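These notes concern the structure reproduced below.
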Amino acid sequence: MFSKHLLTLDFPQHLQEQFQHFASLIECNLITCSASRASEELSAIDATENKATILIHYLENPLQKISYLSRDILKNNLHIAYCPSLNIELEVILIASGFHGAMSVDESVVEQIQSIKKVEGGEISFSDKAVSKYILQKKRVPSSANRAKILAVTTKKEQQILSLLLHGLTNEEVAKELNISVNTVKMHVQNIYKKTKIKNRGQLFAFAAG
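Numbering of the sequence shown is given in the working numbering, commencing with residue 45 and proceeding in unit increments.
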């Protein structure tokens, strides 16, 4: 038994076997469970130890899965997203959501272990471009007052689209990420404008930054 723990959440079988090897290499006890049981597993660990646990979330459909993740879980311990593929926009959203790192399935074993080690050591593990973009766009995150106004009048789908827009994605990129048509994105954007009494994207960014 090692003194550190590595939780893999919602992993398919073939990836569970791969991470069993990873856990041995980085001297961690591997615990595999569903995201719904993560709190229960963490409670059992926290009852006996004070060290932070690393949670690796397998996100097959990242944008859909992120919206369902418990904010309480993300507030504590260390979290890494493990995705079929990564791009800068997705990394920015993961940073904003509270993750400490991101890995893609097609990365080498060495790269994945390096990412886990960085997070374990108190660093974040994202691409430099993603971190830079997140910092530059930080001003576009809604203030608490305006966020409350937006949440009060928009649907969950509109909020999801709004989040992507505020992270710099175009209508086409939003459509691709959510697997919907560009026309559907435009319809939701127009609904957001009407509900918030905003006329264009420039005003939307200004409102969000206020």
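Where a beta carbon is used, it is the ideal one built from N, C-alpha and C, also for glycine.
Computed from a prediction, not measured in an experiment: that's the story for all the values here.
{"Asked": "I75 - DSSP class collapsed to helix/strand/coil", "Found": "strand"}
{"Asked": "Endpoints, the alpha helix (DSSP H) within which H58 is located", "Found": "57–69"}
{"Asked": "Coil, strand or helix - H232 by DSSP", "Found": "helix"}
{"Asked": "Complete runs of the alpha helix (DSSP H) confined to the region 110–157 [at least 4 residues]", "Found": "115–119, 132–141"}
{"Asked": "Check whether L97 and I89 have beta carbons under 7 Å apart", "Found": "Position check: residue 97 holds Thr in this sequence, whereas Leu was assumed. In this structure, I89 lies closer than 7 Å to T97 by Cβ."}
{"Asked": "Distance between Y102 and G165 (C-alpha atoms, nearest Å)", "Found": "21 Å"}
{"Asked": "Selection from I70, V153, I124, I139 that minimises the alpha carbon distance to D172", "Found": "I139"}
{"Asked": "Cβ pair H144, L118 closer than 7 Å", "Found": "no"}
{"Asked": "Beta strand (DSSP E) segment containing K220, residue limits", "Found": "Taken as a continuous stretch (DSSP letters only), K220 belongs to no beta strand (DSSP E), being part of the alpha helix (DSSP H) at 215–222."}
{"Asked": "At least 3 beta-carbon pairs within less than 8 Å: the region 124–132 vs the region 71–83", "Found": "no"}
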